[in-house]
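Input: a single structure, listed below in C-alpha cells.
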Amino acid sequence: MPDDQEAPTPKENHQASFQGLSIEKLSYQHHGSEEVLDFDLRVEPNELVAILGPSGIGKSTLLSLIAGFENSISGAIKFEGKELNNLSPSERPITSLFQEHNLFAHLSAEENIGLGIHPGLRLTSQDKAQITQALNDVGLTGLEKRLPAELSGGQRQRVALARCLVRRRPILLLDEPFSALDQDLRKEMLKLVKDLHQNHGLLTLMVTHLKEDADAIADRIVHLT
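FYI, the numbering for the sequence shown is 1 to 225, going by the UniProt record's numbering.
Dropping the structure here:
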C-alpha cells in the first residue's frame with residue numbers, strides 16, 4: 001500500500017466486506033399498540049438460521065419486515081451492504097414460503113410454479129425448462145399437470161417451494177410452512193429444504209416453534225425473547 005493512502009479501520013473494513021443479511025437496530029410497532037419490538041441479527045451468506053421463540057414474540061413479524069410486507073419505524077435491513085428498507089417486496093432479493101401454500105386451485109402444478117417467473121404465465125422455452133428442473137428438485141416429476149386438489153398437503157408445499165426456487169432470489173424466508181404436516185412428512189420436507197438450501201447456495205431464515213425442527217437442519221438457532 002502506498003504511504004500516502006490511508007488504511008481503512010478494522011471496523012470499516014469489516015462492514016464493507018460483509019455480504020450477508022444484516023438487521024440493524026430495527027424497531028417495529030403494531031398499529032394501536034404501545035409495544036415496540038426490536039431486532040438485531042446478522043446472517044452469513046449460505047447460512048441456514050432457525051428463529052425460535054414463544055407465540056407473539058415477533059418471529060413472523062421479523063420475516064414480514066425483511067420481506068417488505070411490514071414497515072419498521074427505525075433501523076436498517078441490508079443485504080450485501082445495500083439497504084433494502086425503501087424497496088418494495090417484489091424488488092427485494094427475497095422469496096418467502098408460508099404455512100398457507102397460496103396455490104391457485106384452477107392452475108396445474110407447473111402453472112402455479114410458472115407464476116414465480118411471470119405473473120401472466122408468458123413463459124419462454126428456457127422458463128419451461130426451469131420449471132421442469134424445479135419440479136425435479138422437489139421430487140414432483142410426473143405430477144406437473146395435477147391441480148392442487150389432486151395433490152397431498154406435502155406435495156402442495158413442494159409446489160410452493162418450487163415456485164420459490166424459480167424466482168431465483170438469494171434469500172429464502174420460511175414462516176412455519178410445514179407446521180400443519182404430520183411428523184414424518186415434516187421431517188421429509190425439512191430434509192428437502194436443507195438439500196435445496198445447500199444445492200442452490202441460499203441464505204435461509206426459518207421461523208418455527210419446534211426445537212426439533214431447528215435442530216434437524218439449522219446451522220444456527222436464534223432465540224427471540
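Beta carbons: idealized from backbone N, C-alpha and C, even for Gly. All figures in this text were calculated on a predicted structure; none of them were measured in a lab.
6 Å CB neighbourhood of residue i in its chain, flanking five on each side removed
{"i": "Ile171", "result": "Pro93, Ile94 and Leu203"}
{"i": "Asn174", "result": "According to the sequence shown, residue 174 is Leu rather than Asn. Here the set comprises Leu97 and Met206."}
Neighbourhood of residue i by C-beta, 7 Å cutoff - its chain only, sequence neighbours within 5 removed
{"i": "Ala214", "result": "Ala50, Leu52, Thr208 and Ile221"}
{"i": "Glu111", "result": "Leu121"}
{"i": "Ser179", "result": "Gln99"}
Supposed close pair residue i, residue j - CB separation, criterion 8 Å
{"i": "Ile131", "j": "Val166", "result": "6 Å"}
{"i": "Gly139", "j": "Arg158", "result": "6 Å"}
{"i": "Pro45", "j": "Gln19", "result": "5 Å"}
{"i": "Ala105", "j": "Glu144", "result": "Contact doesn't hold; Cβ gap of about 16 Å is too wide."}
{"i": "Ser72", "j": "Leu65", "result": "6 Å"}
{"i": "Leu84", "j": "Lys78", "result": "7 Å"}
{"i": "Ala134", "j": "Ala162", "result": "4 Å"}
Own chain partners of residue i with C-beta closer than 8 Å, once the 5 adjacent residues on each side are dropped
{"i": "Ala35", "result": "Note that residue 35 corresponds to Glu in the displayed sequence, not to Ala. Around Glu35: Gln29."}
{"i": "His118", "result": "Asp127"}
{"i": "Leu192", "result": "Val138, Gly139, Arg158 and Leu161"}
Residue i to residue j span [Cα, whole Å]
{"i": "Gly116", "j": "Glu47", "result": "23 Å"}
{"i": "His31", "j": "Glu80", "result": "31 Å"}
{"i": "Glu70", "j": "Thr61", "result": "8 Å"}
{"i": "Leu21", "j": "Leu103", "result": "28 Å"}
Bridge-paired residues (DSSP) for residue i
{"i": "Lys82", "result": "Phe79"}
{"i": "Glu24", "result": "Ala76"}
{"i": "Gln29", "result": "Val36"}
{"i": "Val193", "result": "None, per the DSSP bridge assignment."}
- Inter-stretch contact at 8 Å, needing at least 3 Cβ pairs: the stretch 139-150 / the stretch 116-127: no
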